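Data first, discussion second: the structure below is written as C-alpha cells.
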Amino acid sequence: MAGKSGRTIANVPEKSLKKTLFCWEGMLVVLFILINVFCASISQSYQFENVLREMPKYLTEMFLLFPMAFILVLGEIDISVGATVCLSATMTCMASNKGLPFAAVILTALLVGTICGLVNGLILTNFQELPPMIVTLGTQIVFRGIAEIALGSGGSISLTNADGFRMIAGKVGIIPYVFFIVILMAVLFSVVLAKTTFGRSVYAIGSNRLAAYYSGIHVQTIRLIIYTVMGFMAGLAALFLTSVLYGANTTTGNGFEMDAIAMAVFGGISTSGGKGRLLGGIISGFTIICLRIGLGQINMNPQLILIILGILLILAVLLPNLSARLNVKKKA
Numbered sequence: 012m013a014g015k016s017g018r019t020i021a022n023v024p025e026k027s028l029k030k031t032l033f034c035w036e037g038m039l040v041v042l043f044i045l046i047n048v049f050c051a052s053i054s055q056s057y058q059f060e061n062v063l064r065e066m067p068k069y070l071t072e073m074f075l076l077f078p079m080a081f082i083l084v085l086g087e088i089d090i091s092v093g094a095t096v097c098l099s100a101t102m103t104c105m106a107s108n109k110g111l112p113f114a115a116v117i118l119t120a121l122l123v124g125t126i127c128g129l130v131n132g133l134i135l136t137n138f139q140e141l142p143p144m145i146v147t148l149g150t151q152i153v154f155r156g157i158a159e160i161a162l163g164s165g166g167s168i169s170l171t172n173a174d175g176f177r178m179i180a181g182k183v184g185i186i187p188y189v190f191f192i193v194i195l196m197a198v199l200f201s202v203v204l205a206k207t208t209f210g211r212s213v214y215a216i217g218s219n220r221l222a223a224y225y226s227g228i229h230v231q232t233i234r235l236i237i238y239t240v241m242g243f244m245a246g247l248a249a250l251f252l253t254s255v256l257y258g259a260n261t262t263t264g265n266g267f268e269m270d271a272i273a274m275a276v277f278g279g280i281s282t283s284g285g286k287g288r289l290l291g292g293i294i295s296g297f298t299i300i301c302l303r304i305g306l307g308q309i310n311m312n313p314q315l316i317l318i319i320l321g322i323l324l325i326l327a328v329l330l331p332n333l334s335a336r337l338n339v340k341k342k343a
C-alpha cells in the first residue's frame with residue numbers, strides 16, 4: 012500500500028537470500044548434501060541405486076514423523092507408536108495367513124492402528140489431567156503385550172503368502188512405491204499444518220491451550236483427531252514394513268517412536284509446542300535415513316549409529332538455546 016510520502020510499503024517483509032540460506036531448513040539442506048558426500052566417501056556401495064534399494068525399510072518411519080510433528084506442535088508426545096506398529100504388523104500377518112483377501116489384510120493393518128490411536132485419544136481427551144507421556148507409556152506396554160500374547164514370548168510370525176505384499180513393495184523403474192507414498196503424505200501433512208485453519212488451530216493449542224479454548228477452538232476434538240491419525244499412520248507403516256520383512260516379531264517397531272521424535276526435533280519442531288515447520292522434519296528425516304544407510308554399508312555397529320544420532324539430536328536442541336543466549340549477550 013502507498014504511504015503519505017507516495018512510497019509503497021510492502022504488507023509482507025521481503026525475505027533476503029541470507030535469511031533463506033541461514034534458516035534452519037536451509038542449514039539442514041546443506042547438512043543433507045554434506046552427509047551424502049561423506050557417505051559416498053566412506054562407502055563405494057553408496058550409490059543412488061543402492062540407496063533406493065535399501066531405503067524402503069527406513070522410509071516406514073517417515074510415516075510416523077508426519078503425525079508426530081502435529082503432536083509435538085501440540086506440546087504433547089506419543090511414545091506408543093512403535094508398539095502400535097508391532098501390533099498392527101502382527102495382526103496383518105495373521106490375517107494374511109488366514110487366507111483373507113489382500114484388501115481385507117490392508118484394512119486389518121489400518122484398522123488395528125487406527126483403533127490404537129483412537130484409544131490414546133479417548134483417554135487423553137476424557138482425562139485431560141493425565142500427562143500424554145504416562146498414558147502412551149501405558150498403552151505402549153499394553154499394545155506390545157497383546158502382540159507378545161499373540162506371538163508367544165519372543166515369538167515371530169512369517170507370511171505364508173506374500174504375493175500381495177510383493178505387489179506393494181514394487182517399484183517404478185528403480186524407485187520403490189513407498190517413496191512416492193511418503194512424498195504424497197509429506198505434501199498432504201505439510202499443507203494441512205501450514206496452510207489450513209486446522210493447522211493454525213494446532214499451533215494455537217500448542218502455544219496456549221486455554222487461550223485457544225476460549226477463542227473457540229475445539230481443543231479436545233483436534234487432539235482426538237491427531238492421535239487417531241497417528242494410529243492410522245502407524246498401521247500404514249506396519250503394512251509397508253511387513254512388505255519388507257515378510258513377517259513380524261515381538262521386537263518389530265522397537266525404537267520407532269524415538270526415531271520419529273528425533274526426526275521432528277532435529278527438523279526444528281519444538282517439543283514445548285507451538286513452533287516448527289514440517290519441512291524441516293522431512294529434510295532431517297531423509298538426512299538421518301541416508302546417514303544410516305551409509306554407515307550401515309560399512310558395517311558400523313548399530314549402537315554406534317544410535318550414539319551419533321543421539322549427539323545430533325542433542326545439538327539440534329542446544330543450538331537454538333545457545334543462539335538465543337548469544338543474542339541476549341549482544342543486546343546487553
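Residue 149 in the numbering used here sits at position 138 of the sequence shown, with consecutive numbering throughout.
Heads up, the beta-carbon is just placed ideally off N, CA and C, and yes, glycines get one too.
Values in this document were obtained by computation on a predicted structure and should not be read as measured data.
For the alpha helix (DSSP H) containing residue i, name the first residue and the last one.
i    : result
A248 : 230-256
I300 : 289-308
S201 : 188-206
L122 : 113-137
I179 : 174-179
Q151 : 143-162
G93  : 92-108
T71  : 67-84
D270 : 267-277
Evaluate residue i with the Cβ neighbour count: other Cβ atoms within 10 Å of its Cβ, from every protein chain shown; 16 or more gives buried, anything less gives exposed.
i    : result
N137 : exposed
I117 : buried
G14  : Residue placement at G14 cannot be trusted, given a pLDDT of 49 that sits under 50; what the coordinates show is reported in the next sentence. By the 10 Å Cβ count, G14 comes out exposed.
T150 : buried
N312 : exposed
I216 : buried
D174 : exposed
F251 : buried
F59  : exposed
Please work out which residues of its chain come closer than 7 Å, Cβ to Cβ, to residue i, disregarding the five sequence neighbours upstream and downstream, and give them in chain order.
i    : result
V203 : F209, G210
I53  : G305, I309
T125 : T239, G242, F243, G246
M274 : L76, G292, S295, G296, I299
Roughly how far, in whole angstroms, is the beta-carbon of residue i from the beta-carbon of residue j, given that I think they are within contact range, below 8 Å?
i    : j    : result
G278 : I293 : 7 Å
I316 : L324 : About 13 Å; that fails the 8 Å criterion.
S91  : A180 : Actually they are not in contact, since the Cβ atoms of S91 and A180 sit about 26 Å apart, beyond 8 Å.
F200 : F43  : The pair is not a contact, with the Cβ atoms about 19 Å apart (cut-off 8 Å).
Skipping 5 residues on each side, what residues in its chain have a beta carbon closer than 8 Å to that of residue i?
i    : result
P142 : none
S169 : C104, Y257, G258
L162 : T101, I168, A259, N260, T261
R220 : G86, V230
Compute the distance between the beta-carbons of residue i and residue j, then report whether it is under 9 Å.
i    : j    : result
M284 : G128 : Looking at the sequence shown, residue 284 is not Met but Gly. Result no, Cβ atoms of G284 and G128 do not sit closer than 9 Å.
F74  : V213 : no
D89  : M102 : no
Y257 : F190 : no
S295 : L39  : yes
L63  : P187 : yes
L119 : N131 : This sequence places Thr at residue 119; Leu is not what is there. No, Cβ-Cβ distance for T119 and N131 is not below 9 Å.
A158 : R288 : no
Locate the beta strand (DSSP E) running through residue i, then write down its first and last residues.
i    : result
I168 : 167-169
Which same chain residues end up closer than 6 Å to residue i when comparing Cβ atoms and leaving out the 5 residues on each side of it in sequence?
i    : result
G264 : G93, V96, C97
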